[in-house]
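For the protein sequence lines, the chains are B and R, in the order given.
Sequential numbering of the first sequence, starting at 1, is according to my numbering.
Sequential numbering of the second sequence, starting at 175, is according to my numbering.
All C-beta atoms, glycine included, are put in the ideal place defined by N, C-alpha and C.
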Amino acid sequence: MAKSDPNAPRRLALIASKGTLDWAYPPFILATAAASMGWEVGIFFTFYGLTLLRPKLTAAVSPLGNPAMPMKMPFGPEGFQQISWPIPQLIMANVPGFNALATSLMKLTFDKKGVAKLEELRQMCIDLDVRLIGCQMTMDVFGFKREDFIPECEIGGAATFLEYAADADVQLFI
Amino acid sequence: MEVIKEDQVLDCSGLLCPLPVVKTSKAIKSLEIGQVLKMIATDPGAPADMEAWSRQTGNELLRATQEEGKFVFYIRRLK
C-alpha cells in the first residue's frame, strides 16, 4: 500500500499481545530503537499485552510452556553460570513459587548483563513520543477502566491501530 | 590514523541493546551540527547497530574501531 505522505518519516507499528516478562521486552526494545533512529512509532497493546500499560508493571515469566528457556544462574563462578540446569517441566509446574523464582532470576540476569528494566524502557518510549494505544475491547473484556492505565497512553480500537499501521513501513505482531 | 577531535564523549560500556542506540541518539541532539560525538560501547551488537543507526538518521559514522576490548565510534552530527 502506498504511503499517504511520501515525505513522512519511517514508521513502525507494533502489536504487543503478551504480558509476560520475556515477551514484554521485544516491543519496548524495538520501539525505543526505532524512535532513536528518528522513526515514528506506535504500539497497540491488546489482550495480555494491555497489562504493560498498568502504572505498576508486574510482568512475570514462567518456564512452563517455554521449554527452550535456558535455566542458568546469574551468580557464582563462570563455569557454574554456564550450566543449563535440566529441570523437568513436571517440577516447574508443581513446585510452588517456581515462577516467582524464575522471574527474579531473569530480572537479575538482565540487570547484570546491562539490559534496561521494563519500567525504564517504557519511560523511554514516553520520552521519545512513542504512541501507546491501549485496546478498548480488551479493557471491556477484562473489566479495566481508563484510570487503571498510565495517563500517557491513549485508548483505541482495531480501526485506530489499522489506520496508523496502514502508513507504517514496518508492522510486527508480538 | 588521523586523529579525530571529539566534542563530547558518551560511555555506554556495560549496556546492551537498545541502550547504546537510545543514548547516542539523545547525546547527538545535544551537539551542534558538524560536531563529533565519541561513543564507547561493549555491546557486541553495537558495530552493526551504529552503522544502521547512522544510515537511518543521516548522521556520519566517521570511524568505528576497537580499543582495549571496547568498541569506539566517532559520529558527526549532520542532521
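Residue environment, residue i, which counts as buried when at least 16 other CB atoms sit within 10 Å
i, result
"P151 (chain B)", "exposed"
"L90 (chain B)", "exposed"
"V177 (chain R)", "exposed"
"E147 (chain B)", "exposed"
"I83 (chain B)", "exposed"
"D217 (chain R)", "buried"
"E241 (chain R)", "exposed"
"L101 (chain B)", "exposed"
"P86 (chain B)", "exposed"
"S228 (chain R)", "buried"
"G19 (chain B)", "buried"
"D254 (chain R)", "As shown, chain R starts at 175 and ends at 253. That puts residue 254 (chain R) outside it, with no answer to give."
"A220 (chain R)", "buried"
Short Cβ contact (8 Å threshold) for residue i with residue j
i, j, result
"T170 (chain B)", "M106 (chain B)", "For clarity, residue 170 (chain B) is Val in the given sequence; the question names Thr instead. Against a cut-off of 8 Å, the Cβ pair of M106 (chain B) and V170 (chain B) comes out as no contact."
"I214 (chain R)", "D185 (chain R)", "yes"
"A13 (chain B)", "A168 (chain B)", "yes"
"I29 (chain B)", "P192 (chain R)", "yes"
"G156 (chain B)", "I133 (chain B)", "yes"
"S36 (chain B)", "V196 (chain R)", "yes"
"L252 (chain R)", "G232 (chain R)", "yes"
"A201 (chain R)", "Q182 (chain R)", "yes"
"V41 (chain B)", "V115 (chain B)", "no"
"S199 (chain R)", "K244 (chain R)", "no"
Span of the beta strand (DSSP E) around residue i
i, result
"Y248 (chain R)", "244-250"
"K212 (chain R)", "210-215"
"L172 (chain B)", "170-173"
"E154 (chain B)", "154-156"
"C191 (chain R)", "Neither: C191 (chain R) is in no beta strand (DSSP E) and is coded neither H nor E."
"D185 (chain R)", "182-186"
"I133 (chain B)", "131-135"
"F44 (chain B)", "40-45"
"T239 (chain R)", "234-241"
Given residue i as reference, the closest of the options once Cα atoms are compared
i, options, result
"T58 (chain B)", "B:L64, B:G65, B:N66, B:G49", "B:G49"
"I15 (chain B)", "B:C135, B:K56, B:D140", "B:C135"
"P63 (chain B)", "B:K117, B:E120, B:S104, B:G143", "B:S104"
"R122 (chain B)", "B:E78, B:N66, B:K56", "B:K56"
"R54 (chain B)", "B:E163, B:L172, B:A24, B:A93", "B:A24"
"T138 (chain B)", "B:T51, B:D5, B:G65", "B:T51"
"G38 (chain B)", "B:R11, B:P67, B:L21", "B:R11"
"T32 (chain B)", "R:L190, R:Q240, R:Q209", "R:L190"
"I174 (chain B)", "B:M92, B:F142, B:P27", "B:P27"
"K112 (chain B)", "B:P74, B:P96, B:D129", "B:P74"
"R237 (chain R)", "R:G188, R:R250, R:D223", "R:R250"
"P67 (chain B)", "B:F47, B:F80, B:P88, B:T20", "B:P88"
"E154 (chain B)", "B:K117, B:E78, B:F45, B:K72", "B:F45"
Extent of the continuous alpha helix (DSSP H) run through residue i
i, result
"F75 (chain B)", "Note, F75 (chain B): premise wrong, no alpha helix (DSSP H); not H, not E."
"E225 (chain R)", "220-231"
"L118 (chain B)", "118-127"
Partners in chain D for residue i, counting only beta-carbon separations shorter than 8 Å
i, result
"G188 (chain R)", "Among the protein chains in the structure shown, which are B and R, there is no chain D."
Original post:
Using Cβ-Cβ distances below 7 Å, what residues of the stretch 48-66 of chain B are close to chain R?
Top reply: none
Original post:
Listed in chain order, which residues of the stretch 26-48 of chain B have Cβ atoms closer than 7 Å to some Cβ of chain R?
Top reply: I29, T32, A33, S36, M37, G38
Original post:
Given a limit of 7 Å on CB to CB distance, which residues of the stretch 215-231 of chain R reach chain B?
Top reply: W227, Q230, T231
Original post:
Which of the residues in the stretch 190-209 of chain R, read from start to end, lie with their CB under 9 Å from any CB of chain B?
Top reply: L190, C191, P192, L193, V195, V196, K197, T198, S199, K200
**OP:** Quick one: which residues of the stretch 119-139 of chain B get their C-beta closer than 7 Å to a C-beta of chain R? List them in chain order.
**Re:** M124
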